[in-house]
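Engineer: Residue numbers (UniProt numbering): 1 to 815.
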Amino acid sequence: MPHFVEVILPLSLAKTFTYSVSKTEYDYIKPGMRVAVPFGKSKIYTALAIELHQNEPQLYDAKEIHQILDEAPIVNEFQIAHWQWIASYYMCAIGDVYRSAMPSALILENETIISQKQDIFIDESQLSDDEFLIYQALQQTSSLKIENIISILNKKNVFPVIQQLLQKGILQLQEEMNETYKPKLIRYVRLHAEFQNPDNLNALLEILKSAAKQKDLVLAYFQLNSARKPITVKQLIETANSSATVVKALIEKGIFEEYHIQHDRVNFDENLQEMTLELSNAQQLAFDEINYNFEVKDVNLLHGVTSSGKTEIYIKLIETILEKGKQVLYLLPEIALTTQLVSRLTAYFGNKVAVFHSKYSNNERVEVWKQLLENSPKAQIVIGARSALFLPFSNLGLVIVDEEHEQTFKQVDPAPRYHARDAAIVLANSHKAKVLLGSATPSIETYYNTQSGKYGLVEIFERFGKVQMPEIHLVDLKDKYFRKKMSGHFSDELIESIREALSLGEQIILFQNRRGYSPVVECMTCGHVPQCAQCDVSLTYHKHKNQLRCHYCGYSMANPTNCHVCSSVDLTTKGFGTEQIQQELIALFPNSKIGRMDQDTTRGKFGFEKIIDSFKNREIDILVGTQMLAKGLDFDNVSLVGIMNADNMLYHPDFRAFERSFQMMTQVSGRSGRSEKRGKVIIQTYNPNHNTIQQVTQNDYSAMYKEQLYDRQIYKYPPYFRLIKVTLKHRDYEKLKEGSMWLYQVLQQNLALPVLGPEEPPVSRIRNEYIRTIMIKIPQNLPLTGTKKTVQKILDSFDMVSQYRAIKTAVNVDF
Ligand code: ADP
Ligand code: ZN
Ligand code: ZN
């Protein structure tokens with residue numbers, strides 16, 4: 001009887017594949033172990049064994065596996081089952097799920113590129129022969145493909161040795177970057193112990209007799225020191241009107257010594273060991289209610305206004321789960337938020353906290369993976385963005401999905417296009433674990449589930465410490481422009497409030513949503529606006545580099561001096577983005593430090609953290625930013641939030657536009673006044689009477705919910721209908737038009753459901769590919785599985801039509 005192993009390949013293939021194995025291999029391999037297998041002409045892939053059997057494949061001759069890569073499973077059965085669920089629910093290939101679930105160091109293939117890590121000491125005597133050969137080869141060339149290594153070592157089975165070198169930290173994968181981020185440390189100085197004794201003061205001044213600048217600095221130090229607070233280098237230099245060189249000289253002389261304090265917003269650093277967390281009455285009530293609800297409902301929503309202290313409730317809950325020896329998964333919408341949260345959680349749970357996200361290096365990710373496999377106490381609590389969902393949990397007790405309304409939980413491209421919140425609920429269910437969703441502005445879908453009784457609901461309507469909700473002022477832009485009360489994009493009222501906050505040493509956040517309203521260059525003579533050559537969008541003007549750029553494909557050109565159509569030099573910029581706001585601010589408040597946070601300024605690996613850090617450290621007075629600012633950050637010194645223009649969010653062509661506008665405005669407003677003083681929010685708008693804006697002003701989530709729900713029902717949208725969006729792309733406009741019409745008609749004929757389209761999306765060409773979409777709406781009470789099967793069948797037959805084969809299709813379930 002022949003023996004076979006069924007494997008998943010890390011390729012976009014819907015099927016699993018059968019390989020033949022010997023009897024010994026058959027007995028050795030367990031599901032969840034990796035095997036290297038040949039596939040295609042000469043390629044070797046890291047496949048995942050999921051089943052051992054004796055059923056010969058019907059359609060092809062089973063090839064032999066190349067090699068077994070593990071001694072024990074590195075993927076557990078919970079994961080395999082969950083990945084299969086994702087593939088089936090989100091209509092994608094199991095290979096896509098496997099590929100995105102595994103850290104790439106664990107799924108090496110011929111094409112993978114490796115290089116040697118810089119700046120490390122390597123003890124050559126500790127290397128095996130094969131390891132040494134690779135090491136030596138990398139002295140000649142900066143990087144190698146695994147294919148090259150196969151020929152260098154003159155053998156096919158090179159994955160294990162490479163994996164060892166990766167683990168030893170000698171090699172790294174191409175994709176990795178070397179930088180690691182250290183939270184910003186503030187430099188402080190103090191007098192060296194020897195000179196702290198007043199008796200030595202004269203001796204000190206004697207030393208400094210011939211160094212006037214140093215003496216001035218020391219005197220300034222004494223002056224500041226009378227306040228008995230730590231003195232920052234910055235403060236000292238400012239007071240003495242001196243320079244960093246002078247400070248350095250004093251440190252070298254041993255008069256000053258420098259020390260650092262890590263600046264986290266959390267004030268726990270005072271007494272880390274004795275830290276106990278006292279919940280407020282409102283928090284305690286919510287906590288008890290959640291536990292009570294968990295008895296009967298596995299999923300609960302914690303709906304608590306901004307700054308109600310949801311994090312502390314999570315912490316208390318985590319404590320109870322840890323006592324039971326179970327694991328906790330804490331999902332965040334944005335990896336940039338982890339820094340803040342990690343420092344808060346480690347303060348309580350120390351090294352039980354592990355962090356996992358896609359920007360981490362491969363080694364770090366593999367390490368967390370391994371810790372979870374071993375059920376290590378070091379990874380009892382895992383914090384991460386959506387991909388943390390794929391880790392080898394074996395004993396989950398609780399999943400927290402913080403800011404559950406955030407759209408970044410839904411992966412858009414590439415497949416698997418999963419929703420991390422929903423997939424987390426399924427995962428938790430397989431572990432019989434509880435789920436807590438948290439938000440100040442829950443998604444309509446989730447809130448609907450609490451109203452229908454599917455999820456439990458716990459609400460907090462007050463802020464922690466009884467801090468008042470911010471006071472929201474509406475500024476009518478139409479009126480302000482009419483009465484000439486505007487300077488650029490700033491109303492007199494906003495300017496006045498900024499001035500006041502600055503004079504009190506408080507910080508300010510200004511929010512400008514650039515989506516759908518970017519600055520463009522327009523010809524005043526003929527109206528021409530420069531377009532991207534490859535995409536169907538106007539180019540965006542970037543003042544700083546004096547460039548026009550395409551936000552879809554990255555194309556850029558120098559800002560033209562005259563119109564390319566009529567040669568007129570009368571060009572003007574239209575629309576405004578964060579950059580223009582920043583420019584105007586600099587002119588209005590020349591003495592203040594102004595920072596900007598958007599996709600352009602946060603591009604580097606830790607760009608986001610760096611800006612957040614300087615803001616927290618109060619090196620920035622006014623921070624201008626896009627929606628990134630709306631995501632659960634906690635600053636204690638912000639007393640004013642300004643929303644530059646509320647209207648461009650509202651009029652976005654999307655059925656969620658009002659919901660998202662409400663969430664965004666409420667969340668940014670929530671950054672204001674998080675400590676004792678009541679915060680202020682100024683919203684500039686042409687539509688002060690718009691329902692959504694009124695709902696934000698009155699902090700009336702429930703009115704927003706009711707209004708939106710009503711519309712969703714009438715226009716057949718979630719939560720009443722589920723959406724499946726099919727996107728089609730091709731370089732030939734006519735062919736795409738024809739093909740999408742074909743697909744639309746077949747779907748229409750075979751599904752007794754509303755099918756919409758084929759539609760051209762607002763940006764209907766990207767990188768020279770034209771785009772069309774078709775939307776299928778499925779009523780909530782209809783079983784989804786049957787519909788999906790039909791859709792899949794139709795897509796398969798679409799692929800069989802020879803003239804349409806080249807049209808790419810992508811399916812997005814729960815769009
Ligand atoms: P939310 O996540 O609901 O917006 P946070 O959890 O960030 O609110 O809490 C807001 C602020 O109140 C934070 O600075 C937090 O440290 C503080 N805080 C909340 N609960 C407590 C508590 N029980 N004890 C001390 N400080 C708390
Ligand atoms: Zn022109
Ligand atoms: Zn482009």
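The beta carbon of each residue, even a glycine, is placed where N, CA and C say it ideally should be.
Since the structure is predicted, the reported quantities are computational estimates derived from the model, not experimental observations.
Reducing DSSP to helix, strand and coil, say where HIS3 ends up.
Structural biologist: Looking at HIS3 - three-state DSSP - the assignment turns out to be strand.
Engineer: Near CYS566, what residues of its chain come up, given a Cβ to Cβ distance below 8 Å and the 5 sequence neighbours on each side ignored?
Structural biologist: Closer than 8 Å at the Cβ level, and outside the excluded window around CYS566, lie CYS523, THR525, CYS526, HIS528.
Engineer: Thinking just about the alpha-carbon of each residue, which of GLN380, THR540, SER143, ASN362 is nearest to the one in THR573?
Structural biologist: Ranking the options by Cα distance to THR573, first place goes to THR540.
Engineer: Between the Cα of LYS248 and the Cα atoms of LEU474, GLU238, GLN214, which residue gives the shortest distance?
Structural biologist: Of LEU474, GLU238, GLN214, the residue nearest in Cα terms is GLN214.
Engineer: Whole angstroms is fine: what's the gap from GLN411's alpha carbon to PHE390's?
Structural biologist: Rounded to whole angstroms, GLN411 to PHE390 spans 14 Å at the Cα level.
Engineer: Quick one: what does DSSP say LEU502 is sitting in, helix, strand or coil?
Structural biologist: In the structure shown, LEU502 sits in a helix (DSSP, three-state: H, G or I).
Engineer: What are the partner residues of ILE113, as DSSP defines its beta bridges?
Structural biologist: Answer is LYS145, bridged to ILE113.
Engineer: Per the DSSP calculation, TYR19 is bridged to which residue(s)?
Structural biologist: According to DSSP, TYR19 bridges with VAL5.
Engineer: Report the option in PRO31, THR24, TYR28, GLU56 whose CA atom is closest to the CA atom of THR18.
Structural biologist: Considering only alpha carbons, the answer is GLU56.
Engineer: Check whether the Cβ of CYS526 lies closer than 8 Å to any heavy atom of ligand 3, and answer yes or no.
Structural biologist: Outside the cutoff, so no.
Engineer: May I ask which residues mark the beginning and end of the beta strand (DSSP E) holding ASN812?
Structural biologist: Its beta strand (DSSP E) spans residues 808 to 813.
Engineer: At which residues does the alpha helix (DSSP H) containing THR787 begin and terminate?
Structural biologist: Run containing THR787: 784 to 800, per the alpha helix (DSSP H) assignment.
Engineer: Does the Cβ of TYR744 have 16 or more other Cβ atoms within 10 Å, making it buried, or fewer, making it exposed?
Structural biologist: The residue in question, TYR744, is buried, as its Cβ has 16 or more Cβ neighbours within 10 Å.
Engineer: Output yes or no for whether 9 Å exceeds the beta carbon distance between residue 834 and PRO754.
Structural biologist: With the chain represented from 1 up to 815, any question about residue 834 goes unanswered, as that position is not in the structure.
Engineer: Quick one, what's near ligand 3 if you take every residue whose CB is closer than 5 Å to any heavy atom, in chain order?
Structural biologist: Ordered along the chain, the selected set is CYS532, GLN534, CYS535, CYS550, TYR552, CYS553, TYR555.
Engineer: What would DSSP say about PHE393, mapped onto helix, strand or coil?
Structural biologist: In this structure, PHE393 counts as coil in the three-state DSSP scheme.
Engineer: Measure the alpha-carbon distance for LEU11 versus HIS431 and round it to whole angstroms.
Structural biologist: Approximately 28 Å, taken between the alpha carbons.
Engineer: Would you say the beta carbon of THR46 comes nearer than 8 Å to a heavy atom of ligand 1?
Structural biologist: Incorrect: THR46 has no Cβ contact closer than 8 Å to ligand 1.
Engineer: Report the three-state DSSP secondary structure of LYS454 (helix, strand or coil).
Structural biologist: In this structure, LYS454 counts as coil in the three-state DSSP scheme.
Engineer: Report the three-state DSSP secondary structure of ASP536 (helix, strand or coil).
Structural biologist: Looking at ASP536 - three-state DSSP - the assignment turns out to be coil, as it is neither helix nor strand.
Engineer: Which of the three DSSP states is assigned to THR180 in this structure?
Structural biologist: Only weak support exists for where THR180 lies, its pLDDT of 37 falling under 50; the value from the coordinates is given anyway. Three-state result, THR180: coil.
Engineer: Could you tell me whether the Cβ atoms of PHE576 and HIS489 are closer together than 9 Å?
Structural biologist: Yes, these two residues count as a Cβ contact at 9 Å.
Engineer: Please state the DSSP three-state secondary structure of SER210.
Structural biologist: Coil, per DSSP.
Engineer: Quick one: what's got a C-beta closer than 7 Å to LYS677's C-beta in the same chain, skipping five residues either side?
Structural biologist: Answer for LYS677: SER639, listed in chain order.
Engineer: By the 10 Å Cβ neighbour count, where 16 or more other Cβ atoms means buried, how is residue 828 classified, buried or exposed?
Structural biologist: Residue 828 lies beyond the residue range present for the chain, which begins at 1 and ends at 815; the question has no answer from this structure.
Engineer: From the DSSP output, in three-state form, read off PHE589 for me.
Structural biologist: The answer is coil: DSSP assigns PHE589 none of H, G, I, E or B.
Engineer: Any chance the CB of GLU278 is under 8 Å from a heavy atom of ligand 1?
Structural biologist: Answer for GLU278: yes, Cβ within range of ligand 1.
Engineer: Mind checking whether the beta-carbon of VAL305 lies closer than 8 Å to any heavy atom of ligand 1?
Structural biologist: Within the cutoff, so yes.
Engineer: I need the straight-line Cα distance from LYS182 to VAL366, nearest angstrom please.
Structural biologist: A caution first: LYS182 carries a pLDDT of 41, below 50, which makes its placement in the model unreliable, though a value can still be read off. Those two C-alpha atoms are separated by around 21 Å.
Engineer: Can you tell me whether ILE122 is helix, strand or coil according to DSSP?
Structural biologist: In the structure shown, ILE122 sits in coil (DSSP, three-state: anything other than H, G, I, E or B).
Engineer: With distances taken between CB atoms, is the gap from LEU736 to ILE807 smaller than 9 Å?
Structural biologist: Result yes, Cβ atoms of LEU736 and ILE807 sit closer than 9 Å.
Engineer: When DSSP labels each residue in this structure, what does LEU751 get in the three-state scheme?
Structural biologist: Note: LEU751 maps to coil in three-state DSSP.
Engineer: My understanding is that ASN293 touches GLY456, with C-beta atoms under 8 Å, so please give their C-beta distance in whole angstroms.
Structural biologist: With a Cβ gap of about 3 Å, ASN293 and GLY456 count as contacting.
Engineer: By alpha-carbon positions, which one of VAL97, ALA47, GLN713, GLN223 ends up nearest to ALA423?
Structural biologist: Among VAL97, ALA47, GLN713, GLN223, the Cα nearest to that of ALA423 belongs to VAL97.
Engineer: Evaluate PRO2 with the Cβ neighbour count: other Cβ atoms within 10 Å of its Cβ, from every protein chain shown; 16 or more gives buried, anything less gives exposed.
Structural biologist: So PRO2 ends up on the exposed side.
Engineer: Can you tell me whether ARG772 is helix, strand or coil according to DSSP?
Structural biologist: Reduced to three states, the DSSP call for ARG772 is strand.
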